[in-house]
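These notes are about the structure you will find just below.
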Amino acid sequence: MKDTIRQLIQNALNQLVNEGVLPEGLTPAIQVENARDKTHGDFASNIAMMLAKPAGMKPRDLADKIIAALPADPQISKVEIAGPGFLNFFQNTDALAARLDAALADPKLGVAKAGAQQRVVVDLSAPNLAKEMHVGHLRSTIIGDGVARVLEFLGDDVIRQNHVGDWGTQFGMLLAYLQEKPATSDELSDLENFYRAAKQRFDESEEFADRARGLVVKLQAGDAECLALWQRFNEISLSHCQKTYDRLNVKLTPADVKGESAYNDDLANVVTDLKAKGLLVESNGAQCVFLEEFKTAEGTPLPVIVQKAGGGYLYATTDLAAVRYRSNVLKANRALYFVDQRQALHFQQVFEVARRAGFVSNDMQMEHMGFGTMNGADGRPFKTRDGGTVKLIDLLDEAQERAYALVKEKNPELPEADLRNIAKVVGIGAVKYADLSKHRTSDYSFNFDLMLNFEGNTAPYLLYAYTRVAGVFRKLGKDFSEVEGQIQLAAPQEQELAARLAQFGEVLNNVAEKGTPHILCTYLYDVAGLFSSFYENCPILAADTPEQQQSRLRLAALTGRTLKQGLELLGLETLERM
Ligand code: ARG
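Just add 156 to wherever you are in the sequence shown, counting from 1, and you've got my numbering.
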């Protein structure tokens, strides 16, 4: 709808330019917002205020002219001027109802991508395999998964790339320990302990440390025995990750893993190619790219180091190889990186070097979708009581336990198996939703009590809202698809719910463009709230006429399907009752 209004305004502006009312060559960004107060219309634009000066007119006078030049549109019933010169648009309720009827008949709920379909690489999760996944990997995994799902729903061709850290000096230490104490898979199943024990040996024995360093060299030289050990270790570590992904209901599979080691053979080429482009400078024996735009506040240049003095390659070298692969082999139009905000400089540098070196096609967009830190409820970095990192698995266990206690308190009579299932959906959903509902770039405090609250913008609230809609249909012995008739929008609560439901597509396009699932969370929370007022004020089972009942049921069905689809795009499971 906002796009339609923007287009109408654009047409009016073109006409005013033709009439000489507006000067030529203006290309304003036309803003259209949801009106705050619905009695003053559904959408508002400040365009007349923006253009008053260049037009040499008072904003309200220009607003008059724009309204006169606006083409008629069946979806708009009237346009008024408000305040200092806002244009307020009123949506035609019959046209709105017809759009919702069409959405109800569409498996995609009337949602379509704005713009051309693209091939999008989504770089997400990417834990380091030497250790077990910890809370630091949660955000990348679930925010990346949410955005990938939305892109897919809009019809993009999404390629997930799990750029795991499966290479590097820590592996020498782990291999040395494995050699010394051949561990069974079972023993390795606690990677955290294994890593700690290896590190302890490394720190206390000079001889062990030397052996570890020697093993890295052998590994990198392709020694068969080392490679076999390394592979076994990685397989076990990856199977841990996969268990966590499955538990989190994240769409990642072993096929999405393309770790750092996958680019080994290309690293020397990256360096040679940069050299051939004249981009390399040797500095203290290291191979570096210096770019004018990267300097410290004091003006000291910040190089991108691609090869160390000893010959070793770095994180940036691997990322350069990876981005080239994503462009040349995967043929991506867009590459999105869901990685901690603290790596912002790294990605700016990698993207810029890749462009200068011609490693990526000119029209491939590269976007670092950075995110803030997850803190504890006290606002300090999230740690265990004794200051260690929190294993993701332990966090999920606790979430499920707490959810179980809550659900059992509310419904003590439910069979144990049902309680466990509800606790799983609510517990995991709460952890995910709490994260997804915050703006990606801000830090946030992890707080079990808040995320498990049944009120507010939380998973339990939304899951419960969904069960209420489902409950209406259960009482009637129908499902969402068995609703005849047409939507009629009479009561204000019907109109408000309808207007918000009609924005699902716009919201999803926004999430896809900006990589911000919180926009979808806010939307679902709004829809749930509007459904509540509708449900209280507009009786369904006790409606006045059969037509009214059908109309209300259709609105409820569309609400139910929108909530379910929206939650699924966030990677949350839903329950029919709880
Ligand atoms: N393994 C890295 C880390 O834990 C994240 C990798 C992100 N992706 C990338 N292409 N650099 O910090």
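Glycine residues also receive a C-beta, built at the ideal position from the N, C-alpha and C atoms.
Could you tell me whether the Cβ atoms of L548 and H293 are closer together than 8 Å? yes
Cβ of A153 within 8 Å of Cβ of H196? Limits of the chain in this structure are 157 at one end and 734 at the other, which puts residue 153 out of reach.
Opening and closing residue of the beta strand (DSSP E) in which H290 lies: Counting along the chain, no beta strand (DSSP E) covers H290, and no H or E run does either.
Between the segment 386-394 and the segment 336-354, do at least 3 Cβ pairs fall closer than 8 Å? yes
Can you tell me which of L492, A559, D534 puts its alpha carbon nearest to the alpha carbon of R275? L492
E362: which of G378, Y351, A332 sits nearest, CA to CA? A332
Start and end residues, beta strand (DSSP E) containing C444: 442-445
Per DSSP, what kind of secondary structure is G321 in: helix, strand or coil? strand
How many whole angstroms separate the CB atoms of F604 and A561, which I take to be in contact at a CB cut-off of 8 Å? Wrong, their Cβ atoms sit about 11 Å apart, outside the cutoff.
Between A465 and N440, is the Cβ-Cβ spacing less than 8 Å? The Cβ atoms of A465 and N440 lie closer than 8 Å to each other.
Along the beta strand (DSSP E) that carries E189, what are the first and last residues, could you check? 188-190
DSSP three-state assignment for R482, whether helix, strand or coil: helix
Range covered by the alpha helix (DSSP H) that runs through D159: Its alpha helix (DSSP H) spans residues 158-174.
Determine, using beta carbons only, whether A621 and F527 come nearer to each other than 8 Å. Not in contact: A621 and F527 (Cβ atoms no closer than 8 Å).
D496 (DSSP reduced to helix, strand or coil): DSSP places D496 in strand when its eight states are reduced to three.
Straight-line gap, G321 to E288 (C-alpha atoms, nearest Å): If you draw a straight line from the Cα of G321 to the Cα of E288, it comes to about 12 Å.
Using only CA atoms, which one of A698, G302, P571, T718 lies nearest to F101? There is no way to answer for residue 101, as the model of the chain reaches only from 157 to 734.
Give the C-beta separation of L307 and L226 to the nearest angstrom, bearing in mind that I take them to be a contact with Cβ-Cβ under 8 Å. Contact between L307 and L226 fails: their C-beta atoms lie close to 34 Å from each other, not under 8 Å.
Which residue's Cα is closest to the Cα of Q721: A224, I315, A282, L657? L657
Using the three-state DSSP reduction, which class does N244 fall into: helix, strand or coil? strand
By Cβ distance, which residues of its chain are closer than 6 Å to E652, with the 5 residues on each side in sequence left out? L686
R352 by DSSP, collapsed to three states: which one? helix
For L375, write down the residues that DSSP places opposite it in a beta bridge. DSSP, once it has assigned bridges, lists no residue as partnering L375.
Rounded to whole angstroms, what is the Cα-Cα separation between F242 and K158? 15 Å
Grab the span of the beta strand (DSSP E) containing M522 for me, first residue to last. 521-524
Mapping DSSP to helix, strand and coil, what is D257? Helix at D257.
For V277, is the beta carbon positioned less than 7 Å from some heavy atom of the ligand ARG? In terms of side-chain proximity, the C-beta atom of V277 is found no nearer than 7 Å to any non-hydrogen atom of the ligand ARG.
For A684 and N613, I'd like the C-alpha separation in whole angstroms. 10 Å
If you count every other CB in all the chains shown that lies within 10 Å of the CB of K221, and 16 or more means buried, which is it? buried
Could you round the C-beta distance between I161 and F245 to whole angstroms and report it? I think they count as a contact, below 8 Å. 6 Å
Proximity of C694 and E650 at Cβ, strictly below 8 Å: Yes, these two residues count as a Cβ contact at 8 Å.
Nearest to S417 (by Cα), restricted to the options L404, F358, C397, T325: The shortest C-alpha separation from S417 is found at T325.
Return the chain-ordered list of same chain residues with a C-beta closer than 7 Å to the C-beta of P673, the five sequence neighbours on each side being excluded. I299, G302, V303, L592, V667, L726
Per-residue burial, L408 [other beta carbons within 10 Å of its own, 16 or more giving buried]: The C-beta of L408 has 16 or more other C-beta atoms within 10 Å across all chains shown, which makes the residue buried.
V557 - containing alpha helix (DSSP H), residue span: Going by the sequence as given, residue 557 is Glu instead of Val. From DSSP, the alpha helix (DSSP H) with E557 extends over 548-566.
Taking 7 Å as the cut-off, is the beta-carbon of Y481 closer than that to any non-hydrogen atom of the ligand ARG? For the ligand ARG, not one heavy atom lies less than 7 Å from the Cβ of Y481.
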